[in-house]
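Peer 1: Can you read through this structure? Questions will come right after.
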Amino acid sequence: MMSAGFKSNSKITALHLTILVNVGYNEDISPVMPHNILKKYDWGALSFDIKVFRTNQTSKSTMRTPGQEIADEAIVYTLPSIWDKMANSSGFNQRKEIVNQFNCSNKWKKGDISRVPVIHEVTVRPTPRKISILSVGSVVVECGGVEIVQGLYTKVKQMAAYALRLFQCDDSGDILERVWVVQADSLSLVQGGFTAGSTLTESSCEAFRLCYNILVERMTPVKVRLQEQGGSVTWDILVRQVVFIILVFQLAALDV
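Mapping the sequence shown onto my numbering, position 228 (from 1) lands on 447, and the numbers just tick up by one.
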């Protein structure tokens, strides 16, 4: 439901909207949607009356985005081609002409139709991540969210390889083959989050980068000590030495 005030040139100067949000019978992220409605447009005098209500239907305000080949199809389109395709498929130009004819025939009652691009606010949220370095030298990483062909697992794996090369081991060239990305669940990674907002991949990589910085800081003294003893320091040797030190400290703690 809408009430509007406008000038003689059809420019809207005031707008009041009554918005009903159907959240269905299950919980979703509908309550946060009103926060993103205002966007960056100059509305003039603007007011909202937003009501969130439950029904016995599934939520229509959020949905799972397309994945696999469906998502790949959107990559080949640019904004101008999407803009023109939407106009052709919806008959926008023909409907615009009908509206103009209606406005010419009516003095006090006017109508309009327009295409308005949506501006989406991109925010980065905290995301938990988990790294496990096995005694054989393999690196297992877990991240929340869903891989829907946006390259989440690929970028996380590349970030892991980049960070592990900071150790500058003699065999750091093949470190990418040692990284494994496994599917996380609510048991192994609590509150892993969901795939939304267009920033999950970036926040995941940043979370892993911070984790790897801590690992580099803790394992570098061991690497320096091995280098002082002479010989080549490979990733396997470094990991085995770190595991040995951890076992020694654990046994010492048991003796105490």
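We treat Cβ as the ideally placed atom computed from N, Cα and C, and that holds for glycine.
List the whole-angstrom C-beta distance separating L408 from P347, where the pair is believed to meet the contact cut-off of C-beta under 8 Å.
Peer 2: Against the sequence shown, residue 408 aligns to sequence position 189. Against the sequence shown, residue 347 aligns to sequence position 128. Confirmed, about 6 Å.
Peer 1: What does C362 pair with, by DSSP beta-bridge criteria?
Peer 2: Counting from one through the sequence shown, the residue named residue 362 turns up at place 143. Answer is R348, Q402, bridged to C362.
Peer 1: Closest to V401 by C-alpha separation, out of M378, V359, L470, A306, would be which residue?
Peer 2: If you number the sequence shown from 1, residue 401 lands on position 182. Minimum Cα distance to V401 is reached at V359.
Peer 1: Report the option in Q377, F413, L265 whose CA atom is closest to the CA atom of E396.
Peer 2: Along the sequence shown, one-based indexing puts residue 396 at 177. Minimum Cα distance to E396 is reached at Q377.
Peer 1: To the nearest angstrom, how far is it from the Cα of T274 to the Cα of L371?
Peer 2: By one-based count along the sequence shown, residue 274 stands at place 55. By one-based count along the sequence shown, residue 371 stands at place 152. Whole-angstrom Cα-Cα distance: 34 Å.
Peer 1: If we count the other Cβ atoms within 10 Å of its Cβ and call it buried at 16 or more, is A403 buried or exposed?
Peer 2: By 1-based counting over the sequence shown, the position of residue 403 is 184. When all chains shown are included, A403 counts as buried.
Peer 1: Starting from L234, trace the beta strand (DSSP E) in both directions and tell me its first and last residue.
Peer 2: Here residue 234 is taken as the residue at index 15 of the sequence shown, counted from 1. Residues 231-241.
Peer 1: Locate the alpha helix (DSSP H) running through K270, then write down its first and last residues.
Peer 2: Position 51 of the sequence shown, counting from 1, holds the residue named residue 270. Looking at the DSSP string, K270 is not in any alpha helix (DSSP H); the run it does join, the beta strand (DSSP E), is 264-272.
Peer 1: Which partner residues does M305 have in the DSSP bridge list?
Peer 2: One-based indexing of the sequence shown puts residue 305 at position 86. In DSSP, M305 forms no bridge with anything.
Peer 1: Apart from the five residues just before and just after V435, which ones in its own chain have a Cβ nearer than 8 Å to its Cβ?
Peer 2: Within the sequence shown, residue 435 is the residue found at index 216, counting from 1. These residues qualify, in order along the chain: A382, L385, F386.
Peer 1: Assign F321 to one of two classes, buried (16 or more other C-beta atoms within 10 Å of its C-beta) or exposed (fewer than that).
Peer 2: Taking the sequence shown and counting its residues from 1, the one referred to as residue 321 is at position 102. Result: exposed.
Peer 1: Distance, Cα to Cα, E366 vs G330?
Peer 2: Residue mapping note: residue 366 aligns to position 147 of the sequence shown, counting from 1. Residue mapping note: residue 330 aligns to position 111 of the sequence shown, counting from 1. Cα to Cα, E366 sits roughly 44 Å from G330.
Peer 1: With a threshold of 6 Å on Cβ separation, who are the neighbours of Q276 within its own chain once the five nearest residues in sequence on each side are excluded?
Peer 2: Working through the sequence shown from its first residue, we reach residue 276 at position 57. Around Q276: G243.
Peer 1: Measuring only the C-alpha atoms, how far is V240 from S422?
Peer 2: Here residue 240 refers to the residue found at position 21 of the sequence shown. Here residue 422 refers to the residue found at position 203 of the sequence shown. Rounded to whole angstroms, V240 to S422 spans 29 Å at the Cα level.
Peer 1: Alpha carbon to alpha carbon, how far is I352 from L473? Give it in angstroms, no decimals.
Peer 2: Here residue 473 refers to the residue found at position 254 of the sequence shown. Here residue 352 refers to the residue found at position 133 of the sequence shown. Between L473 and I352, the C-alpha separation is close to 23 Å.
Peer 1: What's the call for G310, buried or exposed, on a 16-neighbour Cβ count within 10 Å?
Peer 2: The sequence position of residue 310 within the sequence shown is 91, counting from 1. G310 is exposed by the Cβ-count criterion.
Peer 1: To the nearest angstrom, how far is the alpha carbon of S308 from that of S266?
Peer 2: If you number the sequence shown from 1, residue 308 lands on position 89. If you number the sequence shown from 1, residue 266 lands on position 47. Whole-angstrom Cα-Cα distance: 32 Å.
Peer 1: Less than 8 Å between the CB atoms is what I'm expecting for A264 and A306, so what's the real figure, rounded?
Peer 2: To locate residue 264, count along the sequence shown from 1; it is residue 45. To locate residue 306, count along the sequence shown from 1; it is residue 87. Not confirmed; about 30 Å, so no contact.
Peer 1: Quick one: Cα of F413 to Cα of C424, how far?
Peer 2: In the sequence shown, the residue the question calls residue 413 occupies position 194. In the sequence shown, the residue the question calls residue 424 occupies position 205. Roughly 15 Å separates the two Cα atoms.
Peer 1: If you draw a straight line from the alpha carbon of V462 to that of S354, how long is it in whole angstroms?
Peer 2: Taking the sequence shown and counting its residues from 1, the one referred to as residue 462 is at position 243. Taking the sequence shown and counting its residues from 1, the one referred to as residue 354 is at position 135. Each residue's alpha carbon lies about 7 Å from the other.
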